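> Handing you a structure now.
In this note's numbering, the protein residues as written are 7 to 118.
Take a look at the structure:
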């Protein structure tokens, strides 16, 4: 009988060793090596969260807050390191999506 847990462990190991995972780790390390870009990313995430919270609460968003978010966005997209990190994230998420689709296809027969 096939041990599903063992197979899942093997799948996890294969995913961790995939070119997409390696590229993502490398891109993250490069990003972490640039403190000003890392700081801009943290500030961007904080500012975006603040604006999203205000919008959820249906409160007005100050124009200066929107401008600050745009400034941070501009700084990030000007960074080659950030672009590489984002591309690596997209590739890794795409791999995860494909793996999930393959699993769902196989499980679909048991759900009918």
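A virtual CB, placed ideally from N, CA and C, is assigned to each residue, including glycine.
All of these numbers come straight from a predicted model, not from anything done at the bench.
So residue 40 and residue 87 are supposed to be a Cβ contact under 8 Å. How far apart are they, rounded?
With a Cβ gap of about 5 Å, residue 40 and residue 87 count as contacting.
> For the region 14 to 71, which segments carrying the alpha helix (DSSP H) assignment without a break, of at least 4 residues, lie completely within its bounds, in sequence order?
If we require 4 residues or more, the alpha helix (DSSP H) runs fully inside the region 14 to 71 come out as 25 to 38, 41 to 62.
> Check for me: the alpha helix (DSSP H) holding residue 117 runs from which residue to which?
Taken as a continuous stretch (DSSP letters only), residue 117 belongs to no alpha helix (DSSP H), as it is neither H nor E.
> Do residue 30 and residue 50 count as a contact pair if the criterion is CB distance below 8 Å?
Result no, Cβ atoms of residue 50 and residue 30 do not sit closer than 8 Å.
> Helix, strand or coil for residue 84? Go by DSSP, reduced to three states.
Residue 84 falls in the coil class under three-state DSSP.
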